[in-house]
Amino acid sequence: MFSRSDAASVAAADSVAVIGLGRFGRALALELMANGTEVLGIDADESIVQELNGHLTHVVCADSTREEVLKQLAVPEFDRVVVSIGSDIQASILTTSLLLRSDVEHLWAKAVNDAHGTILEQLGVRHVVYPEKEMGRRVAHLVRGSMQDYLEIGDGFSLVKMAPPLGIVGKSLGESRVRSTAGVTITAVRPKGGTWTHTSETTVIAASDTILVSGPTAKAEAFSLRR
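Residue 8 is where the sequence shown starts when you use my numbering, and the numbers rise one by one after that.
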């Protein structure tokens, strides 16, 4: 079992506890590990825990709906806690409630639908995520336009990776006046085979470049459809 002294040493660094190691939780935990974060993974399924043994800093088979288990694993002491339980909404809500009662400040929780998310928000979770819903919206924008990648920042504002419209090829950004005519900003450019660099008024866009565009979602999408 993961001792309190072990947990304290992990929490002194950048540490995250991920509760629920299904597809979302597993991907999250492994990505955190890949970026140097120490991760405690918790799941009620022994087979999942065995699969991830050696891939996370610590991985434990435990029932997160029991307050004494969360305290024994020192979960409230971690820098961040993510409740990514999706298959059992009752377990998600109870686990989240126990963590909030333990004054976990930086808590994220996965919601599988709007009703689940509403309950989490009413409990007091400030960071509720909807992985399936958000991915569906993202893919919809990619399918509609000619974007290579898309990230909605919030409040209708997005970052879009795309090939440059023909109308701006061979021109400097100052000359093409993208911001005033399209309502978006080309913030970075990557030549074919090159690396990303910030743009300026004198940056000239080539047909083979990839550009990063920021702006209101509707305008960024419209810009990606220009020919």
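Note that the Cβ used here is the ideal one computed from N, Cα and C, for glycine as well.
Following the DSSP letters along the chain, one finds Asp156 in no alpha helix (DSSP H) but inside the beta strand (DSSP E) bounded by residues 154-161.
Pairing Gly124 with Val136, the inter-Cα distance amounts to about 8 Å. By the neighbour-count criterion, in which a residue is buried when 16 or more other Cβ atoms sit within 10 angstroms of its Cβ, Met142 is exposed.
In the DSSP assignment, Ala189 falls outside any beta strand (DSSP E) and lies within the alpha helix (DSSP H) extending over 185-189. As the crow flies, the alpha-carbon of Ala34 is around 13 Å from that of Ile92. By a beta-carbon distance limit of 8 Å, Gly48 contacts Val66. Their separation comes to about 4 Å.
By the C-beta density criterion, Thr102 is buried, having at least 16 other C-beta atoms within 10 angstroms. Comparing alpha carbon positions, the residue from Tyr157, Ala147, Asp216 closest to Lys178 is Asp216. According to the DSSP secondary-structure assignment, Met169 is paired through a beta bridge with Met154, Ile218.
Looking only at His134, Glu128, Glu84, the smallest Cα-Cα distance to Trp115 is reached by His134. For His123, the enclosing alpha helix (DSSP H) starts and ends at 121-130.
About 5 Å separates the beta carbons of Val111 and Val88, which is inside the 8 Å limit, making them a contact pair. Sequence-distant Cβ neighbours of Ser231 in its own chain, meaning closer than 7 Å and more than five residues away, are Gly152, Ser153, Met154, Val167, Met169.
With 16 or more neighbouring CB atoms inside 10 Å of its own CB, His148 falls in the buried class. Around the beta carbon of Pro198, fewer than 16 other beta carbons sit within 10 angstroms, so the residue counts as exposed.
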